[in-house]
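So the sequences go chain by chain: A and B.
Mind the numbering: the first sequence is residues 1 to 362 in this note's numbering, read in order.
Mind the numbering: the second sequence is residues 1001 to 1362 in this note's numbering, read in order.
From the three backbone atoms N, C-alpha and C, an ideal C-beta is built for every residue, glycine too.
Quick notes on the structure that follows.
Number of protein chains: 2
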Amino acid sequence: MPANDFFVSAPGKAILHGEHAVVHGKVALAVSLNLRTYLRLETTTTGKVCINLPNIDTFLCWNLTELKQLLPYSSKGEEMKRLDPELVQRLREFVGVTNGNLDTCNMATLSFLYLYLSLFGSSELPSLTLSVWSELPTGAGLGSSAAYSVCLAAALLSARGAIPTPLKEWCQEDLELINSWAFQGEMIIHGNPSGVDNAVGTWVPRSTKVLVARVKDKINKFPSIMTPVLDSVDAVSCTCEKVLSEMTSEPITGEHYNILEELIDINQHHLNVMGVGHPALDTLCRVTLTRGLHSKLTGAGGGGCGITLLRPETDSVVVQSTVQDLRDCGFDCWETSIGGPGVQQHAPLSVKEEVLEILNRY
Amino acid sequence: MPANDFFVSAPGKAILHGEHAVVHGKVALAVSLNLRTYLRLETTTTGKVCINLPNIDTFLCWNLTELKQLLPYSSKGEEMKRLDPELVQRLREFVGVTNGNLDTCNMATLSFLYLYLSLFGSSELPSLTLSVWSELPTGAGLGSSAAYSVCLAAALLSARGAIPTPLKEWCQEDLELINSWAFQGEMIIHGNPSGVDNAVGTWVPRSTKVLVARVKDKINKFPSIMTPVLDSVDAVSCTCEKVLSEMTSEPITGEHYNILEELIDINQHHLNVMGVGHPALDTLCRVTLTRGLHSKLTGAGGGGCGITLLRPETDSVVVQSTVQDLRDCGFDCWETSIGGPGVQQHAPLSVKEEVLEILNRY
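Dropping the structure here:
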């Protein structure tokens, strides 16, 4: 146990362009957000393993003796491309979810227990308390589950001594190890990834399967109409990537933002053509456009989450009025920038005070 | 003068799919409407030529002596693919519009005088009164100007004795003659057709040039994004034509209408992507969709006219409520079917009573 009180965080993600099209072999453009999930891992001497997930009202404790009954478990070592079906089944019975439908709480629990037992099953099970707080909405397509899995993997791997505790970002090799374990957590949450392309499955919420099937059906029904639409979405993603890249290498102009806005509008129409729009998303677009702001859905669609581009010159009064308009329509709003750092370890003092306050409650 | 009181009518048209895309070499699907323009031509002995266009508050009379001053005019006979620039210039001076901007009244007047003098200039000018009433809105993209030109050509050619007065539809050869003269009237109304594809220029109102240019600009700006969109629109037109054809050859099912609705929704999004949408058209789509009805713009877009599909089982109460909702939003509504007859001559008794009443007022 190299650390007995340990903070990590991982960012949420948004798909700027290419959701759904990516399932059909097209380019998608995903970016990290500065909305993050924070995890505190405390090694204890209580003989218990506890997880506190206040975002989803989940507070669970198990005695180590209980968890030991789930062993013997022989870790498959390097083979981390697929889940161990035997362990998954044993865990499902343990938490009492033997049918197919898992709620967020069950998925988060299973995901934690799977990683915990896989990583510590071959040695002694440690007593620990794990608390997670996220600035991200759950199940809205902003990568809250991926951020959770990444935090879990980073914290448990550190606790296991498999990676160092650098008090900042990890090196590439360690990040790859974290990512491969996080992917296993994601597989627990998103079910059998053979059914849905993992590249999308990592980012979007549970209704993904239905929405992906809806697009697939529409392509089958109108191939000559839909195939060019996917090509156009692909070109939108590539054009957006080119513009964002120009914006880092040359002076940013209003025209850059004009093009980003045009691309947002075009892709929102394409997503509607693909059948994954929603009246609430139409309302979002209409409400923001009355303030001169352009929006599109992000992620799976059919509800979920949208993104609205704020230009640098957008007056804060306009932003506040728009947020108020949207809240009046029943929307939640988060203001964020894109391109934040990936998973990192924090010294307690470098964690935002309000997050620290929440994590230290448990 | 084979007839001294003479009625003709011609239908309006709607573009179901392919407006704008047709300018870029794609398929467009246009259909006739059962909303028609009616023309009454009366040969008189007043020594005057009068036109009465109550839809646009235009009531003009000229003495034959005035009109004779516009001659000598030597008809070019067969060469009807382009306008005689000398006659056009003389007529523009005559009606006092020497700058480029013609209003609807000026265009209708010029178009009439051009056809009248071209057809009768080489013989004696007849004294006549011409009254036109249209069920079509002006300048909304429903082919009101084309229907006007077709009626003018049919009536004046009949008065000239160049075609018979069959009291029904004309034979193919006569229709081609009517069409070639009507096209000249269209050229007067829509300006220099070399600037805008005639296939669209025949159907859509004056803002066409601006809207066509807008689409062209967008294609130039984002070729990789827009080219597939045009391909998709092309496939929408072809799919719609196939479905309509199936509906004439096999039992009509609900699924036929479902597909027509899907195609309407898809193309409306594509037209928005092409930059020819309008908030009023968005409102139209939203208002009708709340009643389960699907709409798209028709014609040039950027305002203008939209079409809403009524399924055979759509309750008349729903139709009435929708019309009321739309009127409350400031829209005018016309209920029509597609596939009405082309230009035809009428016996007075076969003209609808309310139309006859209007035409006989003058």
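Straight-line Cα distance separating residue j from residue i
i, j, result
"residue 1098/B", "residue 1210/B", "22 Å"
"residue 61/A", "residue 44/A", "13 Å"
"residue 1131/B", "residue 320/A", "59 Å"
"residue 1255/B", "residue 1057/B", "45 Å"
"residue 88/A", "residue 336/A", "36 Å"
"residue 90/A", "residue 1251/B", "56 Å"
"residue 273/A", "residue 1265/B", "7 Å"
"residue 1338/B", "residue 259/A", "40 Å"
"residue 216/A", "residue 1014/B", "32 Å"
"residue 1084/B", "residue 1330/B", "42 Å"
"residue 1277/B", "residue 1214/B", "11 Å"
"residue 122/A", "residue 49/A", "17 Å"
"residue 59/A", "residue 106/A", "12 Å"
"residue 1086/B", "residue 1185/B", "15 Å"
"residue 39/A", "residue 359/A", "8 Å"
"residue 1016/B", "residue 1140/B", "14 Å"
"residue 1053/B", "residue 1104/B", "11 Å"
"residue 1065/B", "residue 1051/B", "16 Å"
"residue 247/A", "residue 1248/B", "55 Å"
"residue 1004/B", "residue 1261/B", "48 Å"
"residue 361/A", "residue 350/A", "17 Å"
"residue 1179/B", "residue 1030/B", "16 Å"
"residue 1241/B", "residue 220/A", "19 Å"
"residue 279/A", "residue 1253/B", "28 Å"
"residue 1177/B", "residue 1297/B", "32 Å"
Pair within 8 Å by beta-carbon distance, residue i and residue j
i, j, result
"residue 37/A", "residue 118/A", "no"
"residue 271/A", "residue 239/A", "no"
"residue 18/A", "residue 233/A", "yes"
"residue 1340/B", "residue 1032/B", "yes"
"residue 68/A", "residue 128/A", "no"
"residue 1291/B", "residue 1322/B", "yes"
"residue 71/A", "residue 347/A", "no"
"residue 23/A", "residue 212/A", "yes"
"residue 1229/B", "residue 228/A", "yes"
"residue 1235/B", "residue 225/A", "yes"
Among the options, nearest to residue i - alpha-carbon criterion
i, options, result
"residue 267/A", "55/A, 31/A, 30/A, 295/A", "295/A"
"residue 237/A", "40/A, 257/A, 28/A", "28/A"
"residue 1183/B", "1140/B, 1022/B, 1115/B, 1255/B", "1115/B"
"residue 160/A", "64/A, 41/A, 139/A", "41/A"
"residue 1169/B", "1226/B, 1154/B, 1221/B, 1361/B", "1154/B"
"residue 157/A", "352/A, 351/A, 355/A, 344/A", "344/A"
"residue 333/A", "217/A, 52/A, 137/A, 346/A", "137/A"
"residue 1162/B", "1235/B, 1023/B, 1120/B", "1120/B"
"residue 1222/B", "1346/B, 1180/B, 1275/B, 1127/B", "1275/B"
"residue 314/A", "34/A, 298/A, 293/A, 327/A", "293/A"
"residue 102/A", "141/A, 188/A, 229/A, 289/A", "188/A"
"residue 1025/B", "1231/B, 1046/B, 1181/B", "1231/B"
"residue 1325/B", "1297/B, 1283/B, 1356/B", "1283/B"
"residue 35/A", "288/A, 352/A, 220/A", "352/A"
"residue 1046/B", "1063/B, 1030/B, 1288/B", "1063/B"
"residue 190/A", "357/A, 82/A, 318/A, 4/A", "82/A"
"residue 1327/B", "1257/B, 1219/B, 1288/B", "1288/B"
"residue 142/A", "299/A, 357/A, 342/A", "299/A"
The ligand SAM heavy atom lying under 7 Å from the CB of residue i
i, result
"residue 1282/B", "Among the components modelled here there is no ligand, and therefore nothing to report on the ligand SAM."
Unbroken stretches of the alpha helix (DSSP H), 4 residues or longer, contained in the region 37-79 of chain A: 64-68
Segment contact flag, the region 1298-1306 of chain B with the region 307-319 of chain A, C-beta cutoff 8 Å, min 3 pairs: no
Three or more C-beta pairs below 8 Å linking the region 3-21 of chain A and the region 144-161 of chain A: yes
Every unbroken beta strand (DSSP E) inside the region 1101-1173 of chain B [3 residues or more]: 1128-1134
Cβ contact (3+ pairs, closer than 8 Å) linking the region 80-96 of chain A and the region 104-112 of chain A: yes
Complete beta strand (DSSP E) runs within the region 219-260 of chain A (minimum length 3 residues, chain order): none
Uninterrupted beta strand (DSSP E) stretches inside the region 1285-1355 of chain B (no shorter than 3 residues): 1295-1298, 1305-1308, 1344-1346
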